[in-house]
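Engineer:
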Amino acid sequence: MNFLYSIIIIVSIIILSPTIGILLPLYFNTEGTIVLQIFLTSFLLLSAFFFYLKIINRNLSHLYNRIDKTVKKNQYSPMPKKHKNHFANIWYFFYNFETILRNYERLINSQNILLKKYALINNKLKNTNQIKEMMLEVSNSIIEIDNTEKFFNLILEKLIDIVDDGHKGSFLVLNKDNYLEYKASIGFNINDLKKIKIKLEETFLWKKSPQNISKPCIIDDIRSFNSNSLNKKSFNALDDIEALNIKTTLSTPVIIDDKLYGMINIDSLRKNAFNEDDLLIAEYFSNQISIAIKNHQLIEKILYLSRYDSLTNTYNRCYFEEIVKNVYRKAIRYNEMFSIVMFDLNNLKNTNDTFGHVVGDMVISRFSEVIKDNIRESDLFARYGGDEFIAIFFNSNPTDIENRLSNIVNYCNYHPLKVEGKDVYVSFSYGISHFPEESEDIDFLIKLADKRMYKYKKEFKAKYNNLDF
Numbered sequence: 001m002n003f004l005y006s007i008i009i010i011v012s013i014i015i016l017s018p019t020i021g022i023l024l025p026l027y028f029n030t031e032g033t034i035v036l037q038i039f040l041t042s043f044l045l046l047s048a049f050f051f052y053l054k055i056i057n058r059n060l061s062h063l064y065n066r067i068d069k070t071v072k073k074n075q076y077s078p079m080p081k082k083h084k085n086h087f088a089n090i091w092y093f094f095y096n097f098e099t100i101l102r103n104y105e106r107l108i109n110s111q112n113i114l115l116k117k118y119a120l121i122n123n124k125l126k127n128t129n130q131i132k133e134m135m136l137e138v139s140n141s142i143i144e145i146d147n148t149e150k151f152f153n154l155i156l157e158k159l160i161d162i163v164d165d166g167h168k169g170s171f172l173v174l175n176k177d178n179y180l181e182y183k184a185s186i187g188f189n190i191n192d193l194k195k196i197k198i199k200l201e202e203t204f205l206w207k208k209s210p211q212n213i214s215k216p217c218i219i220d221d222i223r224s225f226n227s228n229s230l231n232k233k234s235f236n237a238l239d240d241i242e243a244l245n246i247k248t249t250l251s252t253p254v255i256i257d258d259k260l261y262g263m264i265n266i267d268s269l270r271k272n273a274f275n276e277d278d279l280l281i282a283e284y285f286s287n288q289i290s291i292a293i294k295n296h297q298l299i300e301k302i303l304y305l306s307r308y309d310s311l312t313n314t315y316n317r318c319y320f321e322e323i324v325k326n327v328y329r330k331a332i333r334y335n336e337m338f339s340i341v342m343f344d345l346n347n348l349k350n351t352n353d354t355f356g357h358v359v360g361d362m363v364i365s366r367f368s369e370v371i372k373d374n375i376r377e378s379d380l381f382a383r384y385g386g387d388e389f390i391a392i393f394f395n396s397n398p399t400d401i402e403n404r405l406s407n408i409v410n411y412c413n414y415h416p417l418k419v420e421g422k423d424v425y426v427s428f429s430y431g432i433s434h435f436p437e438e439s440e441d442i443d444f445l446i447k448l449a450d451k452r453m454y455k456y457k458k459e460f461k462a463k464y465n466n467l468d469f
């Protein structure tokens, strides 16, 4: 605003100077009017010029100071030095104006570079936060998801969301024969993939770093790479299900306890889709996922031990009773029928006393295997305690169940265990009750089946008392 006022004053002086220089001598009627007019006009104009020069210099100095402060930390060439002489200062300023502009341009470029770096850092922080949020969600789901393949699918979904241009993916687990098996996938038919096994030596990671699979890698030409790496059978199998119609893959190893557990492949339909930043994300993600999978395995083991009998791998009594509650509610709602069967092994005490408890455990395991092999997948079977077992047969009539159990008894009679050259028979008694024909009270039906089982056992002992089992 002061600069504007100064300009107005200067313009006014320039306009008024000639007028005053001409009119003032005439007003006083001075001799030598023309000479005096010229002198006075020149004096006033020079005064106005020097006043104007001082204002320009002051504003240029102010501009100089601002530029000097701005470029001080980003100076590529020296700034001109200021002078007390107004003409010299103006001359040097305009003479070095190109330098000032060049410094200013470089400053702008430097600021643009800083802004790009800031954007990259901000993007990395965003990705880091996304990974942390994702890992929190994955960790929270460890207890909720008791199916390993569902857990792998969740991991794939989250990783595809984080990695830019990730469209599809697969999770492979290394088996004991050094083959990788597909366990989960996004964008592919998992049932088709499960029919295909990949040799470890044919994988992306192995080809990129043989004997030292620890870092993720990027493969750009997938079809060409697989054509040169996979055996013809595997290549054609993948090609037939259109699993090679991708452009770029980000392959990440999953290491648990310093051993290769499996691989995660994130696929893109765009060529050259992934970069170094994606490799860093994949490496960090891999470390976190390894921890999550190990925790999931521990949870699975704990859940298994809490639900299954360790000797027979059947449900234990506690978990069976939980399942029965749901079975009962469903049967009431949909008018379903089922039968409860109680089992008890015959002569197990004598087997333990004669051959030892190891052989007794073999008898229990063998009995469990035979029953599981002869019931439907939908039926339930559990170890109820000691040498007692319980089963639920769904949608079977009493005659059918009796026939099935009789066949199992006959099978056991003709297939004894061989111990120290002797036959050890797997013999059992059973009792059956029916829902809802005999009662809708589960506890009553279990007691009824148990009562009938002991009746069967009593008759069995009376009939075969003189035989050595």
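The sequence shown: position 10 = 10 (full-length UniProt numbering), numbered continuously.
Where a beta carbon is used, it is the ideal one built from N, C-alpha and C, also for glycine.
1. For LYS457 and SER429, which I take to be in contact (beta-carbon distance under 8 Å), what is that distance rounded to the nearest angstrom?
2. State the start and end residues of the unbroken alpha helix (DSSP H) segment that holds ALA331.
3. Helix or strand or just coil, what does DSSP make of PHE389?
4. Which same chain residues, not among the five before or five after MET453, have their C-beta less than 6 Å away from its C-beta?
5. Between the C-alpha atoms of TYR411 and TYR328, what's the straight-line distance to the nearest angstrom?
6. Only counting the same chain, and skipping five residues up and downstream in sequence, which positions put a Cβ closer than 7 Å to that of PHE367?
7. CB-CB under 6 Å to TYR464, same chain, minus the five flanking residues each way: which ones, in chain order?
8. Bridge partners of ALA184, per DSSP?
9. Taking Cβ to Cβ, would you say ILE371 is nearer than 8 Å to ILE340?
10. Where does MET453 sit, in a helix, a strand or coil, going by DSSP?
11. Rounded to the nearest angstrom, what separates LEU311 and HIS357 at their Cα positions?
12. Does the region 245–255 come close enough to the region 264–276 to have 3 or more Cβ pairs within less than 8 Å?
13. Check each candidate in SER224, LYS132 and LEU380 and name the one with the smallest Cα separation from TYR308.
14. Taking the C-alpha atoms as reference points, what is the distance between ASP161 and ILE186?
15. With the cut-off set at 8 Å, would you say LYS199 and GLU149 are in Cβ contact?
16. Straight-line CA distance for ILE291 to LYS197?
17. Assuming SER286 and PRO216 make a contact with CB atoms under 8 Å, what is their CB distance in whole Å?
18. ASN397: which of SER378, VAL173, TYR414 and SER433 sits nearest, CA to CA?
19. Below 8 Å CB to CB, which residues in the same chain sit around GLU283 once its five sequence neighbours on both sides are set aside?
20. Could you work out which residue in ASP373, ILE281 and GLY262 is closest to VAL163 when comparing CA atoms only?
21. What is the DSSP secondary structure of LYS463, reduced to helix, strand or coil?
22. Relative to the C-alpha of ILE375, which residue among ILE364, ILE401, MET362 and PHE355 is closest?
23. What does a CB cutoff of less than 8 Å around SER141 pick up in its chain, not counting 5 residues either side in sequence?
24. Of the residues GLU137, ASN147, VAL173 and LYS176, which one's Cα is nearest the Cα of GLU157?
25. Using the rule of at least 16 other Cβ atoms within 10 Å of the residue's Cβ for burial, across every protein chain shown, is ALA462 buried or exposed?
26. Cα-Cα, which of ILE390, ASP278 and GLU369 is closest to TYR319?
27. Measure the alpha-carbon distance for GLU438 versus ASN147 and round it to whole angstroms.
28. On the criterion of 16 or more Cβ atoms from any shown chain inside 10 Å, does ILE222 qualify as buried, or is it exposed?
29. Per DSSP, LYS197 is paired with what?
30. Mind reading off the beta-carbon distance from ASN352 to GLY360? Whole number of angstroms is fine, and I expect it under 8 Å.
Structural biologist: According to the data block:
1. Between the beta-carbon of LYS457 and that of SER429 there is about 4 Å, and that keeps the pair under the 8 Å contact cut.
2. 317–334 is the span of the alpha helix (DSSP H), which, as asked, contains ALA331.
3. It is a strand residue.
4. Within the same chain, MET453 has close Cβ partners MET342, ASP344, SER429, TYR430 and GLY431.
5. Counting only the Cα atoms, TYR328 lies some 32 Å from TYR411.
6. Excluding residues within five positions, the ones whose Cβ falls inside 7 Å are LEU345, VAL426 and PHE428.
7. No residues qualify anywhere along the chain.
8. Paired residues: PHE171.
9. No.
10. In this structure, MET453 counts as helix in the three-state DSSP scheme.
11. Cα to Cα, LEU311 sits roughly 12 Å from HIS357.
12. Short answer: they touch.
13. Ranking the options by Cα distance to TYR308, first place goes to LEU380.
14. Those two C-alpha atoms are separated by around 11 Å.
15. By the CB criterion at 8 Å, LYS199 and GLU149 fall outside the cutoff.
16. Taking C-alpha positions only, ILE291 is separated from LYS197 by approximately 25 Å.
17. With a Cβ gap of about 7 Å, SER286 and PRO216 count as contacting.
18. Its Cα nearest to that of ASN397, the residue SER433 stands out among SER378, VAL173, TYR414 and SER433.
19. Only LYS215, PRO216 and THR252 meet the Cβ criterion.
20. Of all alpha-carbon atoms in ASP373, ILE281 and GLY262, the one lying nearest the alpha-carbon of VAL163 is that of ILE281.
21. Helix, per DSSP.
22. Nearest option by C-alpha distance: ILE401.
23. When the five nearest sequence neighbours on each side are left out, the beta carbons in the same chain lying within less than 8 Å of the beta carbon of SER141 are those of PHE151 and LEU154, in order along the chain.
24. That would be GLU137, whose Cα lies nearest to the Cα of GLU157.
25. Its Cβ having fewer than 16 others within 10 Å, ALA462 is exposed.
26. By alpha-carbon distance to TYR319, the top candidate from ILE390, ASP278 and GLU369 is ILE390.
27. A direct Cα-to-Cα measurement between GLU438 and ASN147 gives close to 37 Å.
28. Per the 10 Å Cβ criterion, buried.
29. Beta-bridge analysis with DSSP links LYS197 to GLU181.
30. That pair is a contact at about 4 Å.
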